[in-house]
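**Student:**
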Amino acid sequence: MQVLSVTPEIFPLIKTGGLADVTGALPIALASKGVAMRTLIPGYPVVMDAFKKKKAVYQYPLLQGGKASVHAVKIGELELFVLDAPHLFDRQGGPYGTASGSDWPDNWRRFAALSQVGGDIAGGAISGYQPDIVHAHDWQSAMTLAYMRYGNAIGVPSLITVHNLAFQGQFGSGIFGELGLPGVAMQLDGVEYYGGVGFLKAGLQAAWAITTVSPTYAQEIRSPEFGMGLDGLINMRAVDLYGIVNGIDVDIWNPATDRHLVANYSAETLEARALNRKAVEERFSLEPDDSPIVCVVSRLTWQKGMDILAAVVDGVVQRGARLAVLGSGDAGLEGSLLAAAARHRGRVGVVIGYDEALSHIMQGGCDAIVIPSRFEPCGLTQLYGLRYGCVPVVARTGGLADTIIDANEAALSAGVATGFQFAPNNGGALLHAIRRLVEAHARPAAWASLQRQGMKADVSWDKSAEKYVELYRLLLSKRAA
Ligand code: ADP
């Protein structure tokens, strides 16, 4: 089975969030299950620099304002089609904007181009390659499915995975004329969205099936509270909606071999975590003692509930926990967390920035990781936490609710608890969870068994990849029908 994945990000080449981890890991997990996944990505500078031999398998004399070509390359285990379009992607900064964080004004053009190429490949543009299925991700590649529907790939089964409904790719109607779509596409059941053009909306409309990255989030987005204006459409498509929880790369995230760690360990040698813990204490200027270190590795945003945490830092300290925060995001939130660190020297440490290596050390050395998200499609850091014996403390929402088993009396006595959940998501409930954590941490044997239980959880891609394969098969049977 040949699947074409179309995505704006793929680990390890280009990553701003969990989407990249998924698109980077899924092809590898699928390979052993008889599915060959090729991935179409934009030729950002870091991507173009990653391969030497350039051989175009398709050329565009004109694609959204300039010359472009598609290159078939293999980087590591990943089979890629790279869209080389310098006028769109050869820019310094991030994949979506300048280094200082403002979006590129022509993002609609950049990702319409990526999607158009996805649609062309689906329609057989590249000689010798015909995907059986096309799998798009988020708004940046969602239009692929519209180009397929209004072009010559309407018979090719398609799937869109929503990693975060908050990002929708909404643009004014003025761009429609430049998309190269027929006039009929600008309709309610096409790409039209509140009078403008909605990229994600168009994909949700055209896809044969829709997935999100956890079963609970799949249900939540059917409600006005989580649906972000798209709940009506999602409800209309409910029979084609699936929730498949993400896995993680258990080779990269393996405490027994992780090179970022000061000391490697397993469920049998948890005491070795002490050396990583010491490294965290030093990096975050925390007083060394026996109290639990609760960490945050996150974008510092409203979605992630960082304002809820920032408002109760004093309470966290009063309850006897130390706090280590690694993240970047909203300037206001960065400021209030830094101010909390200044108020509680030795008890609270904050590092502003993105630091992959430090994030590993924190999972390997902190006692717990707190994730107070207002909504969380899947979440990866709680899965890393499970694997590393860094006990997750999570808001009961989305993928957090699906992957963490709360340490209540029943779960503890059955030996299945893996972390702490709290609801509703507010400061009081969060502090209550912190108190439960501090109490549990004071009983070393019980705490170690909570850590070991989490470390036993299957957080690999294996089961989830199997679910994608089942869905691909279902879509193929619909094509045949
Ligand atoms: P989202 O994609 O919504 O940001 P996820 O939990 O799905 O949230 O994925 C976030 C990913 O980014 C994880 O791999 C996490 O470890 C990583 N991450 C987030 N912030 C940082 C940071 N400041 N430094 C290093 N890694 C980070």
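Counting from 817, one number per residue, gives the positions in the sequence shown under my numbering. We put the beta carbon where it would ideally sit given N, CA and C, even for glycine.
Go to K1120, then tell me how far its beta strand (DSSP E) extends in each direction, as first and last residue.
**Tutor:** Here K1120 belongs to no beta strand (DSSP E), and DSSP marks it neither H nor E.
**Student:** Say yes only if the C-beta of G1235 is nearer than 6 Å to one or more non-hydrogen atoms of the ligand ADP, and no if none qualify.
**Tutor:** no
**Student:** Going by DSSP, what residue range makes up the beta strand (DSSP E) through L896?
**Tutor:** Taken as a continuous stretch (DSSP letters only), the beta strand (DSSP E) holding L896 covers 894–900.
**Student:** Comparing the CB of L1153 with every heavy atom of the ligand ADP, is any distance shorter than 6 Å?
**Tutor:** no
**Student:** Could you spell out the range, first to last residue, of the beta strand (DSSP E) harbouring L1139?
**Tutor:** 1138–1145
**Student:** At the level of alpha carbons, what is the spacing between R1295 and P973?
**Tutor:** 7 Å
**Student:** May I ask you to report which of helix, strand or coil DSSP gives D837?
**Tutor:** helix
**Student:** Contact between the segment 1222–1239 and the segment 1085–1097: three or more CB pairs below 8 Å?
**Tutor:** no
**Student:** If you run the structure through DSSP and keep just helix, strand and coil, what is P1208?
**Tutor:** strand
**Student:** Quick one: is G1006 buried, meaning 16 or more other Cβ sit within 10 Å of its Cβ, or exposed?
**Tutor:** buried
**Student:** Quick one: using the 10 Å Cβ neighbour count with 16 as the cut-off for buried, is D1278 buried or exposed?
**Tutor:** exposed
**Student:** Could you tell me whether the segment 1207–1219 touches the segment 1261–1274, where touching means 3 or more Cβ pairs closer than 8 Å?
**Tutor:** yes
**Student:** Inspect the CB distances between the segment 927–936 and the segment 877–894 and report whether three or more fall short of 8 Å.
**Tutor:** yes
**Student:** Tell me, please, which residues DSSP counts as bridged to F987.
**Tutor:** Per DSSP, the beta bridge partners of F987 are V1013.
**Student:** Given A1127, which residues of its chain have a CB within under 7 Å of its CB, disregarding the five upstream and five downstream residues?
**Tutor:** G1243.
**Student:** In whole angstroms, give me the CA-to-CA distance for G939 and K870.
**Tutor:** 23 Å
**Student:** Measuring alpha carbon to alpha carbon, tell me which residue in A888, E1097, I857 is nearest T960.
**Tutor:** I857
**Student:** What is the DSSP secondary structure of Q1179, counted as helix, strand or coil?
**Tutor:** It is helical.
**Student:** With 16 as the cutoff for other CB atoms within 10 Å, does E1097 come out buried or exposed?
**Tutor:** buried
**Student:** With Y1288 as the anchor, note down where its alpha helix (DSSP H) starts and where it stops.
**Tutor:** Start and end: 1278–1296.
**Student:** Give me whichever residues DSSP pairs with M817 in a beta bridge.
**Tutor:** Looking at the DSSP assignment, M817 forms no beta bridge with any residue, so it has no partner.
**Student:** Does the ligand ADP have a heavy atom nearer than 6 Å to the CB of G913?
**Tutor:** no
**Student:** What's the C-alpha gap between V812 and H1248?
**Tutor:** Past the edges of the chain, shown from 817 to 1297, lies residue 812, and the structure says nothing about it.
**Student:** Can you determine whether any heavy atom of the ligand ADP sits closer than 6 Å to the C-beta of S1114, and answer yes or no?
**Tutor:** yes
**Student:** Does the ligand ADP have a heavy atom nearer than 6 Å to the CB of G993?
**Tutor:** no
**Student:** What is the residue span of the alpha helix (DSSP H) that T960 lies within?
**Tutor:** 954–966
**Student:** Since S943 is in the beta strand (DSSP E), which residue starts that stretch and which ends it?
**Tutor:** That residue, S943, is in no beta strand (DSSP E); it is neither H nor E in DSSP.
**Student:** Report all residues from its chain with a CB closer than 7 Å to the CB of L1086; omit the five preceding and five following residues, and keep chain order.
**Tutor:** G1205, A1264, Q1267
**Student:** Going by alpha carbons, who is nearest to L997 out of R1259, T977, A962, Q1021?
**Tutor:** A962
**Student:** State the CB to CB distance for the pair V933 and L899, rounded to an integer number of angstroms; the pair is presumed to be in contact (CB under 8 Å).
**Tutor:** 5 Å
**Student:** With H, G and I counted as helix, E and B as strand and the rest as coil, what does DSSP make of E1008?
**Tutor:** Shown here, E1008 sits in a strand according to DSSP, grouped into three states.
**Student:** Would you be able to state if there are at least three C-beta pairs under 8 Å between the segment 1223–1238 and the segment 1154–1164?
**Tutor:** No contact exists between the segment 1154–1164 and the segment 1223–1238.
**Student:** Any heavy atom of the ligand ADP closer than 6 Å to the beta-carbon of E1172?
**Tutor:** yes
**Student:** Quick check on A1258: buried or exposed, where buried means 16 or more other Cβ atoms within 10 Å of its Cβ?
**Tutor:** Burial is judged here by how many other beta carbons sit within 10 angstroms of a residue's own beta carbon; A1258 has fewer than 16 and is exposed.
**Student:** Which residue comes first and which comes last in the beta strand (DSSP E) that contains S1030?
**Tutor:** Where S1030 is concerned, there is no enclosing beta strand (DSSP E), given that its DSSP letter is neither H nor E.
**Student:** Is K869 helix, strand or coil by DSSP?
**Tutor:** coil
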